Amino acid sequence: MPITKARIGRVIMYVKDHKGLSDWYCNTFGLKTLHVDDEARWVEVDMGRGVVLAFHGGGNKRTWTRPPQIMFEVADAEHAKASLEAAGTRMGKIGRWKHVVWCHGKDPEGNPFQITEKA
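The numbering of the sequence shown is the numbering used here, which starts it at 4 and goes up by one.
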């Protein structure tokens, strides 16, 4: 039984150059850009079959070296975080930016994931 109902929203890659790398993927594999937010250093690309690949450009090396992660969309990030923690899942702090609330976690083998609520 799932702790919280979620669906895969995106796969996020943390990169140095969000525009340059997204352009490379689009030009190399014939993909289409869906959304660009330069303020957030964020580009979304349509991978087909409902899968979105997001490129998140960070301002420091710590961000660039993070592994890709699956982002699960949830209705209530705080509730999902509490449910996951109650089941023994390691979760980080709640983050907020504009209309998005998120929290990073680790699966039992240490792989990163993110839960995200879009207001």
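Backbone N, C-alpha and C define an ideal beta-carbon position, used for all residues, glycine too. Here the structure is a predicted model, which is why all the values come from computation and not from measurement.
Near residue i, which residues of its chain fall below 7 Å by C-beta distance, leaving aside the five closest residues on each side in sequence?
i	result
Lys84	Met94, Ile97, Cys106 and Ile118
Ile73	Ile11, Val14 and Phe116
Leu34	Tyr28, Val48, Asp49 and Met50
Asp79	Glu120
For a quick check, are the C-beta atoms of residue i and residue j less than 7 Å apart?
i	j	result
Lys13	Val55	Checking the sequence shown, residue 13 turns out to be Arg, not Lys. Against a cut-off of 7 Å, the Cβ pair of Val55 and Arg13 comes out as a contact.
His82	Ile15	no
Val104	Glu120	yes
Val77	Ala122	no
Glu108	Thr92	Per the sequence shown, residue 108 should be read as Gly rather than Glu. Cβ atoms of Gly108 and Thr92: closer than 7 Å.
Quick one: using the 10 Å Cβ neighbour count with 16 as the cut-off for buried, is residue i buried or exposed?
i	result
Phe116	buried
His21	buried
Ala164	Because the chain is modelled from 4 through 122, residue 164 falls outside the range shown and cannot be assessed.
Report the CB separation of residue i from residue j in whole angstroms; it is logged as a contact under 8 Å.
i	j	result
Arg52	Tyr17	Contact flag wrong, Cβ pair sits at about 23 Å.
Thr36	Val46	6 Å
Gly61	Arg44	7 Å
Is the shortest distance between the beta-carbon of residue i and the beta-carbons of chain B less than 7 Å?
i	result
Gln72	The structure shown contains no chain B, having only a single protein chain.
Can you name, in chain order, every residue of its own chain whose Cβ lies under 6 Å from the Cβ of residue i, other than the five neighbours on each side?
i	result
Val26	Looking at the sequence shown, residue 26 is not Val but Asp. Answer for Asp26: no residue qualifies.
Val39	Val46
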